[in-house]
Amino acid sequence: MEKPITAALMSCKGTILSDEEKHVFSRSNPLGIILFSRNITNKKQLKHLITEIRQTIGRDDVLIAVDQEGGRVRRLREPDFRPYVSQAAIGALPQDKAKRAAELHARLISRDCKDVGININLAPVLDIFHPQTTEALHGRCFSSSPKIVSELGKIMIDQYMANNILPCIKHLPGHGLAAADPHFDLPVIRQSKQELQDELTPFKNCRHAPLGMTAHILLTALDKDNPLTQSAIGIRELIRGQIGFKGLLLSDAIDMHALSGSVIKRAVMSLNAGCDAVCYCGGDINELKMLADNCPKLSDDASEHLDNARHILHNHTILTDIKTDAAEYAKLKDLAASNLDGADATEILHKQQRTKKC
Numbered sequence: 053m054e055k056p057i058t059a060a061l062m063s064c065k066g067t068i069l070s071d072e073e074k075h076v077f078s079r080s081n082p083l084g085i086i087l088f089s090r091n092i093t094n095k096k097q098l099k100h101l102i103t104e105i106r107q108t109i110g111r112d113d114v115l116i117a118v119d120q121e122g123g124r125v126r127r128l129r130e131p132d133f134r135p136y137v138s139q140a141a142i143g144a145l146p147q148d149k150a151k152r153a154a155e156l157h158a159r160l161i162s163r164d165c166k167d168v169g170i171n172i173n174l175a176p177v178l179d180i181f182h183p184q185t186t187e188a189l190h191g192r193c194f195s196s197s198p199k200i201v202s203e204l205g206k207i208m209i210d211q212y213m214a215n216n217i218l219p220c221i222k223h224l225p226g227h228g229l230a231a232a233d234p235h236f237d238l239p240v241i242r243q244s245k246q247e248l249q250d251e252l253t254p255f256k257n258c259r260h261a262p263l264g265m266t267a268h269i270l271l272t273a274l275d276k277d278n279p280l281t282q283s284a285i286g287i288r289e290l291i292r293g294q295i296g297f298k299g300l301l302l303s304d305a306i307d308m309h310a311l312s313g314s315v316i317k318r319a320v321m322s323l324n325a326g327c328d329a330v331c332y333c334g335g336d337i338n339e340l341k342m343l344a345d346n347c348p349k350l351s352d353d354a355s356e357h358l359d360n361a362r363h364i365l366h367n368h369t370i371l372t373d374i375k376t377d378a379a380e381y382a383k384l385k386d387l388a389a390s391n392l393d394g395a396d397a398t399e400i401l402h403k404q405q406r407t408k409k410c
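Residues in the sequence shown are numbered from 53 upward in steps of one, following our numbering.
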């Protein structure tokens, strides 16, 4: 009989697993592990870490996730990996070049991920850019046009899936109207249900994605008390209802300050609201132990969503000349005014958390 899977993407602290982490992962059988810059020094080390994770958990299909959007949000960095421009840089290109760049971007990232054993890229971002959009999303949105976001998002999703990588659309049902950064505060969006409709458009057009990630936002027109991640009304009416998303639904990181309470309270509230699994990104061993002891297992619905996603990992890969693709992408990349550097809010949050605990 298969061991039940804990409904969580967990995380580890460093570049190798500690004995305590091995014990937690082995006994809890998490859905998977999400990796960050703190876990990666080079390609050889990363391959070893991922092999160690798989052997520890003991499942061939364990999910290994990373945020490789491009621009400042990219965990796989030079010199071992190719540089990738931001989604905003791609969206700013002329239409034909933007579409080709999106295709090559996803195809090349897929190759990088597969080379080391990663099977989920938490991308693309389908939020629409607005004047008030939080700085945490600057450079990460394709455009202020729902049409452009939809088109480029779909191209990337289809390329990832064709190359055996699970894409994850984010942040459902749309984070663009929020001015606050959920890493540090709970963003409040006061627009009416009608005013929210454009935000849903890219997600509706890309609802065939196998994975999706919720937004930590408070939509007062829908639920005045609970952030979307923990709102049964929001998940049922917007994500599963109006958008029609049928894939595996992940929470955004439950260790962000937009949510409150213990890590277990955050996880249980998110799962009870309708998330299939939660993401815990902090890597704190005590919180990992709490999740191992108390986080619920995958529900029947979540298991079905997972099974549907797993098939993509075994698709027939589109074979292309990687050197030709990389050369063409480099030329298109040079056309895009993209800043590859800059602060990533998730990394800042993790550094602050580690500092406080020292």
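Built from N, CA and C at the ideal position, the CB exists for glycine as well. Only a predicted model underlies this, so the values are computations on that prediction, with no experimental measurement involved.
For Arg152, the CB contacts under 7 Å within the same chain, skipping 5 residues up- and downstream, are Leu384 in chain order.
DSSP, reduced to helix, strand and coil, places Val137 outside both helices and strands of the structure shown, so it counts as coil.
In this structure the region 85-93 does not lie against the region 350-363, because fewer than three pairs of beta carbons, one per stretch, are closer than 8 Å. Short of 7 Å from the beta carbon of Glu251, and not among the five residues preceding or following it, lie these beta carbons of its own chain, in chain order: Ile180, Pro225, Gly226, Gly228 and Leu229. Only exposed fits Asp373, as fewer than 16 other CB atoms lie within 10 angstroms of its CB.
Annotation: the region 218-265 contains the following complete segments of the alpha helix (DSSP H) (minimum length 4 residues), in chain order: 249-257. Under the Cβ criterion (8 Å, minimum of three pairs), the region 234-247 does not count as touching the region 161-168. Within the model, the alpha-carbon separation for Asp233 versus Arg106 is close to 33 Å.
Cα atoms of Leu98 and Lys317: separation of roughly 32 Å, rounded to the nearest angstrom. Contact between the region 195-208 and the region 124-137 is not established, with fewer than three Cβ pairs separated by less than 8 Å. One alpha carbon belongs to Ser283, the other to Gln211, and they sit about 32 Å apart. Minimum Cα-Cα distance from Leu302 among the listed residues Asn324, Met213, Gly110 and Leu248 corresponds to Asn324.
About 5 Å separates the Cβ atoms of Asp275 and Ile285, confirming a contact at the 8 Å cut-off. Bounds of any alpha helix (DSSP H) do not take in Thr58; it lies within the beta strand (DSSP E) bounded by Thr58 to Met62. As the crow flies, the alpha-carbon of Gln139 is around 38 Å from that of Glu72. One alpha carbon belongs to Asn94, the other to Arg129, and they sit about 8 Å apart. If only complete runs of 4 or more residues are kept, the region 141-185 shows the alpha helix (DSSP H) at 147-168, in order along the chain.
When DSSP states are grouped into helix, strand and coil, Lys349 belongs to the strand group.
According to DSSP, residue pairing for Pro131 in a beta bridge does not occur. With contacts defined as CB atoms closer than 8 Å, Asn173 and Ile217 qualify as a contacting pair. As the crow flies, the alpha-carbon of Ala144 is around 41 Å from that of Leu69. Measuring C-alpha to C-alpha distances from Pro279 to each of Glu247, His223 and Gly296 identifies His223 as the nearest.
Per DSSP, Pro279 lies in no beta strand (DSSP E) segment and is marked neither H nor E. Taking one beta carbon from each stretch, the region 247-262 and the region 304-319 have fewer than 3 pairs nearer than 8 Å; the two do not touch. Cα atoms of Glu247 and Ile295: separation of roughly 15 Å, rounded to the nearest angstrom. Secondary structure of Leu301 (DSSP, three-state): strand. Distance from the CA of Asp119 to the CA of Arg192, rounded to the nearest whole angstrom, comes to 12 Å. In the three-state reduction of the DSSP assignment, Leu323 falls in the helix class, which pools H, G and I.
The three-state reading of DSSP puts Ile337 in helix, counting H, G and I together. The beta-bridge partner set that DSSP reports for Ala329 consists of Leu302. If you ignore the 5 residues before and after Ala214, its C-beta comes within less than 6 Å of the C-beta of Ile370, all in its own chain and listed in chain order. Between the alpha carbons of Thr186 and Ala231 lies a distance of about 4 Å.
Here Ala59 is buried, its C-beta having at least 16 other C-beta atoms within 10 Å. For Gly299 against Ala261, the beta-carbon gap comes to about 6 Å, under 8 Å, which counts as contact.
Each of Gly205, Asp328, Thr103 and Ile337 was checked against the Cα of Asp352, and the nearest Cα belongs to Asp328. It is roughly 6 Å from the alpha-carbon of Ala273 to the alpha-carbon of Lys245.
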